[in-house]
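Here's the structure we're looking at; comments come further down.
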Amino acid sequence: MDLSIFAILVQDGVTSGAIYALLALAFVLVFSVTRVIFLAQGEFVAYGALSLAAIQNHQAPLTASMLVALGVLTFLVEMGRTLLQPELRLHAGRTGAVYAVKYLLFPLAVFAAARLLAPLDLPQLVQVPLALLIVVPMGPMIYRLAYEPLVEASTLVLLIVSVGVHFTMVGLGLVMFGPEGWATTAFSDARLEVPLGAEQLVISGQSLWVVAIAALLIAALYVYFTHTLPGKALRATAVNRLGAQLVGIGATLAGRLAFTLAAALGALSGILVGPITTLNYASGFHIGLRGFISAIVGGLASFPVAALGTLLVGMLESFTAFWASEYKEVLVFTLILPVLLWRSLVGGGHVEEEEEE
Numbered sequence: 250m251d252l253s254i255f256a257i258l259v260q261d262g263v264t265s266g267a268i269y270a271l272l273a274l275a276f277v278l279v280f281s282v283t284r285v286i287f288l289a290q291g292e293f294v295a296y297g298a299l300s301l302a303a304i305q306n307h308q309a310p311l312t313a314s315m316l317v318a319l320g321v322l323t324f325l326v327e328m329g330r331t332l333l334q335p336e337l338r339l340h341a342g343r344t345g346a347v348y349a350v351k352y353l354l355f356p357l358a359v360f361a362a363a364r365l366l367a368p369l370d371l372p373q374l375v376q377v378p379l380a381l382l383i384v385v386p387m388g389p390m391i392y393r394l395a396y397e398p399l400v401e402a403s404t405l406v407l408l409i410v411s412v413g414v415h416f417t418m419v420g421l422g423l424v425m426f427g428p429e430g431w432a433t434t435a436f437s438d439a440r441l442e443v444p445l446g447a448e449q450l451v452i453s454g455q456s457l458w459v460v461a462i463a464a465l466l467i468a469a470l471y472v473y474f475t476h477t478l479p480g481k482a483l484r485a486t487a488v489n490r491l492g493a494q495l496v497g498i499g500a501t502l503a504g505r506l507a508f509t510l511a512a513a514l515g516a517l518s519g520i521l522v523g524p525i526t527t528l529n530y531a532s533g534f535h536i537g538l539r540g541f542i543s544a545i546v547g548g549l550a551s552f553p554v555a556a557l558g559t560l561l562v563g564m565l566e567s568f569t570a571f572w573a574s575e576y577k578e579v580l581v582f583t584l585i586l587p588v589l590l591w592r593s594l595v596g597g598g599h600v601e602e603e604e605e606e
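Given below as structure tokens:
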């Protein structure tokens, strides 16, 4: 291996690590706030990239129809809960109007926008927000339908539900996008040439976009969690759920906000990685698993350690693909074993007991 190949592998590792960093932060955020190991996080990666690919092919993505269906189901569930509780039934009219705007009119407006705008030659600056507008609202709706009714359930039950949500979203992805793979248009075709000894290291513009946007998002999340009231409420819920509830921070609102941010990070990760690799309906799960491994490195609790773990995963994947490509998946996923062993030894075998009612 000469210096130029080493530099290329480092570039690939950093680019992949930037994507995994966003997913690891989403895993840590959702688990620390809701105790949910959100296995379907990778599906938002696929949905974001494939929805953008459909728009760039002048087709209205079927995820817009899925958003409408989720909105109708969420509206029915919310109205059912309102009508069954006497204290809420008194304000059913006003509450129903709010729910109708959130879960019926908004998804229908997004569906109409997708149908009208997708056939046009839109600039990428419009295509990307449109894809995000379709996919991101699914996050809180899925939380409301699948997880919120089980908010007091054990972590094992929530994990089983996550498995069901994952397989459901994968199946729907196959129906909506088909088995073939798709790639999206790169943000930039520019190439930066850096002198490296007697050779030139070529850095693609898309790689620079990925790293820059990932760094900007991580910085924005830091500001959000440290300088805004909703962000501080999420941090409080992550540190101590019971204490946060005692001071008036609603677990329901925190859970929906966590899933909204996770869906946004997942969809944006898919849009960033779409021009680099070809994605199909099942690709998101494999990408999400790497983010999950990085989150495990951080103990599903530490944002900075999880972000650092992504660089380790990205570098390991890049270099093993060069040295032993047939064992790349095995070596990357084996990384989780020494981390779990070390954490079990450091933690002294302590197991968090479930709170009893």
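The working numbering puts the first residue of the sequence shown at 250, with every later residue one more than the last. Glycine included, each C-beta is placed from N, C-alpha and C at the ideal position. This one's a predicted model, so the numbers in the text were calculated from it and none came from an experiment.
In angstroms with no decimal places, state the Cα-to-Cα distance between residue i and residue j.
i	j	result
V259	L271	19 Å
L423	E442	40 Å
W458	L561	20 Å
R343	A349	10 Å
Q494	E429	46 Å
Q373	S437	11 Å
L635	V317	Nothing can be reported for residue 635, as the shown portion of the chain is limited to 250 through 606.
S456	T264	6 Å
P287	F568	Position check: residue 287 holds Phe in this sequence, whereas Pro was assumed. Approximately 28 Å, taken between the alpha carbons.
P356	T475	31 Å
L565	L379	34 Å
A275	R505	13 Å
F582	H535	11 Å
A435	T417	30 Å
E604	A402	Low local confidence applies: a pLDDT of 44 at E604 is under 50, so the model's placement there is unreliable, with the coordinate-based value given in what follows. When rounded, the distance between both Cα atoms is 10 Å.
Y471	N489	19 Å
L586	A313	40 Å
T283	I542	19 Å
K481	V277	16 Å
W572	V579	13 Å
M315	L333	27 Å
F324	I498	24 Å
L371	V496	47 Å
M328	L405	29 Å
K351	L594	48 Å
G320	W591	44 Å
In three-state terms, what does DSSP make of residue i?
i	result
V546	helix
V579	helix
D452	Reading off the sequence, residue 452 comes out as Ile, not Asp. I452: strand per DSSP, three-state reduction.
V347	helix
T442	Before going on, a small fix: residue 442 reads as Glu here, not Thr. Strand at E442.
L528	strand
E604	With a pLDDT of 44 at E604, under the threshold of 50, the modelled position of this residue cannot be trusted; read the value that follows with caution. In the structure shown, E604 sits in coil (DSSP, three-state: anything other than H, G, I, E or B).
H599	Only weak support is given to the placement of H599: the predicted model assigns it a pLDDT of 45, under 50, and the question is left unresolved by the model.
G266	helix
Report back the beta-carbon spacing between residue i and residue j to the nearest angstrom; my notes put them in contact at under 8 Å.
i	j	result
T486	A503	4 Å
G540	A273	5 Å
V546	G563	Going by Cβ atoms, the distance from V546 to G563 rounds to 12 Å, so no, they are not a contact pair.
W431	L528	6 Å
L483	A507	6 Å
G628	G537	Because the chain is modelled from 250 through 606, residue 628 falls outside the range shown and cannot be assessed.
L609	M425	Since the first residue of the chain shown is 250 and the last is 606, residue 609 is not available in this structure.
A289	V414	5 Å
A516	F293	5 Å
Less than 8 Å between C-beta atoms, sequence neighbours within five positions excluded: which residues of the same chain meet that for residue i?
i	result
T433	A298, L301, A302, Q305, I520, G523, P524
A513	L381, V385, G388
L322	M390, L394
L337	R330, T331, T344
R440	V451, I452, S453, G454
Y530	A295, L299, V419, G422, L423, M425, F426, G427, P428
T526	A432, S532
P479	Y473, L506
V400	T283, A500, T501, G504
V377	L301, I520
Within the same chain, show all residues whose beta-carbon is closer than 7 Å to that of residue i, passing over the 5 residues directly before and after it, in chain order.
i	result
V285	V279, Y396, L407, S411
A267	V459, V460, A463
V326	R393, L394
T509	V385, G388, P389
I383	S300, P310, T312, A313, L316, V359, A363
When you measure from the CB of residue i to every non-hydrogen atom of the ligand COA, does any distance come out below 7 Å?
i	result
L274	Among the ligands in the structure shown, none appear at all, so the ligand COA cannot be discussed.
Got a sec? Which residues, its chain only, sit under 6 Å from residue i by beta carbon, not counting five neighbours each side?
i	result
A309	A363, R364, A367
I254	none
A346	none
- request: Please confirm if the stretch 354 to 362 is in contact with the stretch 325 to 344, defined as three or more CB-CB distances below 8 Å between the two stretches.
  value: The stretch 354 to 362 is not in contact with the stretch 325 to 344.
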